[in-house]
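Trainee: The structure that follows is given in the form of structure tokens.
Structure representation (structure tokens):
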């Protein structure tokens with residue numbers, strides 16, 4: 002891996018820019034493909050309620066933030 006990095010570092014700047022752009026596009030494309038592939042499973046009406054389980058962490062986060070903001074407001078009012 003170090004040899005590959007050293008070879009890339011020796012190349013001209015425009016070639017390195019092309020390499021990073023292609024690498025970024027490939028990685029982004031793979032992520033998008035996995036995301037698109039998983040969409041039917043996220044929105045299907047399954048009995049386990051997978052979408053509701055995904056929302057719970059956000060609910061906990063919002064409750065925690067509202068409690069914190071409420072505590073700060075109470076402290077300021079004193």
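Numbering (the numbering used here), first residue to last: 2 to 79.
Idealized CB from N, CA, C, for every residue including glycine.
Bear in mind that the values here come from a model prediction, so they are computed numbers and not experimental data.
Whole angstroms are fine: how far does the CA of residue 21 sit from the CA of residue 9?
Mentor: Locating residue 9 in the chain shown gives position 8, counting from the first residue. Locating residue 21 in the chain shown gives position 20, counting from the first residue. Distance between the alpha carbons of residue 9 and residue 21 is about 10 Å.
Trainee: Kindly list the residues whose CB is nearer than 8 Å to the CB of residue 77, restricted to its own chain and excluding five residues on each side of it in sequence; keep chain order.
Mentor: Mapped onto the chain shown, residue 77 falls at position 76. No residues qualify anywhere along the chain.
Trainee: If I follow the unbroken alpha helix (DSSP H) through residue 11, where does it start and stop?
Mentor: In the chain shown, residue 11 corresponds to position 10, counting from 1. Segment 3-11, the alpha helix (DSSP H) holding residue 11.
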